[in-house]
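Number of protein chains: 2
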Amino acid sequence: MSMFRANIEAMTGYVPGEQPPPGKIIKLNTNENPYACSPQVTRAIERACAQGLSRYPDPSATAFRHCAAQVLGGAHALDIGPEWILCGNGSDDILTIVTRAFVGEGELVRHPTPSYVLYRTLAEIQGARVEEVPFAPDWTLGSQFAAPADDLRLAYLANPNSPSGTMIAPDRVFELADALPCLLLVDEAYVDFADTDCLSLVARSEKIMVARTLSKSYALAGLRFGFLVAQPHVIEQLAKVKDSYNCDALSIAGACAAIDDQAWRMENREKIVAARSRLTQAMRELGFDPPDSQANFVWNPHPELPVQPIYERLKKAGVLVRYMDYPGIGDGLRITVGTDSQIDACLSLLKTLV
Amino acid sequence: MSMFRANIEAMTGYVPGEQPPPGKIIKLNTNENPYACSPQVTRAIERACAQGLSRYPDPSATAFRHCAAQVLGGAHALDIGPEWILCGNGSDDILTIVTRAFVGEGELVRHPTPSYVLYRTLAEIQGARVEEVPFAPDWTLGSQFAAPADDLRLAYLANPNSPSGTMIAPDRVFELADALPCLLLVDEAYVDFADTDCLSLVARSEKIMVARTLSKSYALAGLRFGFLVAQPHVIEQLAKVKDSYNCDALSIAGACAAIDDQAWRMENREKIVAARSRLTQAMRELGFDPPDSQANFVWNPHPELPVQPIYERLKKAGVLVRYMDYPGIGDGLRITVGTDSQIDACLSLLKTLV
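Heads up: the protein sequence lines correspond to chains A and B, in order.
Here the first sequence is numbered in the numbering used here, starting from 1 and rising by one per residue.
Here the second sequence is numbered in the numbering used here, starting from 355 and rising by one per residue.
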């Protein structure tokens, strides 16, 4: 007997990157930040924990929304308040909420390819159809991405993109959103490592939503906290779809402390960006062909060598990177920007392997 | 311009119980546990926090699933392993996952009424239809609950039920599930305060799923942790629908410590059950007509008096209870079982009001 929805039974489900138990392995496969979070965060969590956990948390994480509106509004000369922000249990929760709010059974979503494969999973759970629009070889995005299509209800754009680490410029994103017959979800999971971002576009267009996460640039993947910035009437509808208490008391406390400590974020960013340059340069010297990255990882296709054996040998030697192979595009190693010594260890090994 | 799904725009959204800022108010409105959680839990959270939050948590909360299978299996002489358990960001996340996995647009769900109003919200988000089956005046459930119906894809049963605090006996639940043309989700949020439960039915029928939460009986509403027990082939499909990292590192650590400390839970339960008896008795003496409760709250309709003014006056005096009014059934005060002194304060006030 099966009583599951046919689309659920048919799908394979999203497979997250390997999470080996903590130990000697150098983990450069899931774009985690290699540094510990701001000490303000752990202090805030300890305080919240001491205050007790028996009560339900604030259903809308008001404290974070105030704080984030101030920090982000200030940084972008944007006049936004808490009503522009929806908080989630990681930005995956945000992507889920947005998909459920816009996309019904049999309807269409669109995203570029190769990109974050979770977009397809979310569409499949809705019983929706997926249209993948290939990036150009230079990782730009043609007007096909904004073409009209029956039943097109939502477009996703990871920006910076994974695995490429490349970015579509905000002006171009605005053009694409303007032309699209549906809303555009700009997934800025990695944007704090980039030179620019699309946040201010939200004030210019009700069709643009920007998703952020604290997992990467605030080193808080274990905490699960993300948020969406969009016009208030959009946030208001989306709030109906989220679970009532989707963010717990500890993550709200930690997230407030994190976004409040911009000095920590800037300093962390400097380290990651410097290490990224060095990694990119070294990979080119090893014969790989990485595009310039705007994220905390570098995408390394190789023009001649098969890279899967390299991935396997790195893993055997204790360095875990992400091997990805995209039909029609080819394969590569996506290497997270680790600490200087992690990068050194990875590069020394690679020198013996290529 | 609106591009939301019509069902999303049409719905009003779930309104959680009031969460006033911490302070002098006596909060007996959302069935939180009035005591602090086990000290083992806060210690485990502090340890996890000190170990760092930069890495993603275990996507399937394996440690908790092992621990829970052992504790619950042992208590019920049930041979279940971790593959019988799915963890969620609160049991609301579990209810969401189950609904998304079974219920498509235009299909039907069923639940008794009056009960937890979130079931309707979850169906509305799916664009599904809802059939409400009234409880009998003595809070039993007739065979209408298990009647065949086109497109019926899921039935929910809060057991113990809210607001009544009453329970359908496990044998009757098994009968109903057996007759139903779909799976039955038994929501046991309050079951640790009851005399019995439906956990062992899961081994007898693949049509029965049991949801649990740590919010009530473990005093961890702020942590957001719930789980589902069902047959492994059911869990396997449901796991595709959950967000990849739906439980954070701190809640997994805290949840493991909580379920491991059954001595704390039993001691807490004794206090709540004793206070519940006293509250029920006192409410009857005040002229209310509460059914015997199997939960950590008592439902208090009044055969003569209108109770809304009583709710208002209690609130003004600093005691917050839940006022509920069900069309065709009537209204009442749902009062959470607090500490002895909270109950005393509430009762003293009530004596001046009725």
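Don't be surprised by glycine CBs; every beta carbon is placed ideally from N, CA and C.
Computed from a predicted model, the values in this text were never measured in an experiment.
Query: Cβ closer than 7 Å: which chain A residues qualify as neighbours of I362 (chain B)?; Result: A101, Q237, K240, V241
Query: Output yes if chain A places a C-beta closer than 8 Å to the C-beta of G519 (chain B); else output no.; Result: no
Query: Return the chain-ordered list of same chain residues with a C-beta closer than 7 Å to the C-beta of L537 (chain B), the five sequence neighbours on each side being excluded.; Result: F456, L508, K561, M563
Query: Within a Cβ cutoff of 6 Å, which residues of the same chain sit near I448 (chain B), ignoring the five residues on either side of it in sequence?; Result: G442, A565, G580, L582
Query: For the segment 591–629 of chain B, list the alpha helix (DSSP H) runs that are entirely contained and at least 4 residues long, ordered along the chain.; Result: 603–614
Query: With hydrogens ignored, establish whether the beta-carbon of D151 (chain A) is closer than 7 Å to any heavy atom of the ligand MG.; Result: Because no ligand of any kind appears in the structure shown, any question about the ligand MG cannot be addressed here.
Query: Any Cβ of chain A within less than 8 Å of the Cβ of C610 (chain B)?; Result: no
Query: Starting from G367 (chain B), trace the beta strand (DSSP E) in both directions and tell me its first and last residue.; Result: Neither: G367 (chain B) is in no beta strand (DSSP E) and is coded neither H nor E.
Query: For the alpha helix (DSSP H) containing I399 (chain B), name the first residue and the last one.; Result: 393–405
Query: Check the Cβ-Cβ distances between T494 (chain B) and every residue of chain A, and say whether any is below 8 Å.; Result: no
Query: Any idea which residues DSSP pairs F227 (chain A) with across the strands?; Result: A:C87, A:R212
Query: Can you give the Cα-Cα distance for E304 (chain A) and L286 (chain A), rounded to whole angstroms?; Result: 12 Å
Query: In chain D, which residues lie less than 9 Å from E459 (chain B) when you measure between Cβ atoms?; Result: No chain D appears in the structure shown, which is made up of the protein chains A and B.
Query: Counting only runs that start and end within the segment 661–706 of chain B, where is the alpha helix (DSSP H) found for 4 or more residues in a row?; Result: 662–670
Query: Determine which residues share a DSSP beta bridge with I26 (chain A) and list them.; Result: A:V319
Query: Taking contact to mean at least 3 C-beta pairs separated by less than 8 Å, is the segment 370–381 of chain B in contact with the segment 309–323 of chain A?; Result: no
Query: Can you list, in chain order, the residues of its chain with a C-beta nearer than 8 Å to that of R129 (chain A)? Leave out the 5 residues immediately preceding and following it.; Result: G106, E107, L108, V109, A123, D151
Query: At which residues does the alpha helix (DSSP H) containing D171 (chain A) begin and terminate?; Result: 170–179
Query: For A609 (chain B) versus L568 (chain B), is the C-beta distance shorter than 8 Å?; Result: yes
Query: Using the beta-carbon of each residue, which ones in chain B are nearer than 8 Å to S244 (chain A)?; Result: Y368, P370, D446, L472
Query: Express the C-alpha separation of V487 (chain B) and N704 (chain B) in angstroms, rounding to a whole number.; Result: Here the sequence assigns Leu to residue 704 (chain B), which means Asn is not the residue at that position. The straight-line gap from Cα to Cα measures roughly 33 Å.
Query: In angstroms, rounded to a whole number, what distance separates the CA positions of V471 (chain B) and S115 (chain A)?; Result: 38 Å
Query: If you drop the 5 nearest sequence neighbours on each side, which residues of the same chain put their C-beta closer than 7 Å to that of P436 (chain B)?; Result: T416, R419, H420, A423
Query: Run down chain B in chain order and give the residues with a C-beta less than 8 Å from the C-beta of L4 (chain A).; Result: Note on residue identity: the sequence assigns Phe, not Leu, to residue 4 (chain A). Within chain B, the residues near F4 (chain A) are A455, F456, Q591.
Query: Write down the C-beta distance between L86 (chain A) and A239 (chain A) rounded to the nearest angstrom, noting that I regard them as a contact closer than 8 Å.; Result: 6 Å
Query: Against I399 (chain B), what residues of chain A qualify as contacts under a CB-to-CB distance less than 9 Å, listed in chain order?; Result: I45, E46, C49, L53, L250
Query: How would you label D289 (chain A), buried or exposed, when you count the other beta carbons within 10 angstroms and need 16 or more for buried?; Result: exposed
Query: What residues from the segment 375–392 of chain B come within 8 Å of chain A, judged by C-beta to C-beta, listed N to C?; Result: P376, K381, T384, E386, N387, P388, Y389, A390, C391
Query: Which value, in whole angstroms, describes the spacing of the CA atoms of A50 (chain A) and I399 (chain B)?; Result: 10 Å
Query: Are the C-beta of L349 (chain A) and some C-beta of chain B separated by less than 8 Å?; Result: no
Query: So which residues on chain B does R172 (chain A) lean against when the C-beta distance must stay under 9 Å?; Result: Chain B residues near R172 (chain A): none, gap ~22 Å exceeds 9 Å.
Query: Per DSSP, what kind of secondary structure is Y218 (chain A) in: helix, strand or coil?; Result: coil
Query: State the CB to CB distance for the pair K242 (chain A) and N296 (chain A), rounded to an integer number of angstroms; the pair is presumed to be in contact (CB under 8 Å).; Result: Their Cβ separation, rounded to whole angstroms, is 27 Å, which puts K242 (chain A) and N296 (chain A) out of contact at 8 Å.
Query: Taking all protein chains shown into account, decide if A274 (chain A) is buried (16 or more other Cβ within 10 angstroms of its Cβ) or exposed.; Result: exposed
Query: Should the segment 186–196 of chain A be regarded as contacting the segment 326–333 of chain A, the criterion being three or more beta carbon pairs within less than 8 Å?; Result: no
Query: From the beta carbon of Y544 (chain B), is the nearest beta carbon of chain A less than 8 Å away?; Result: no
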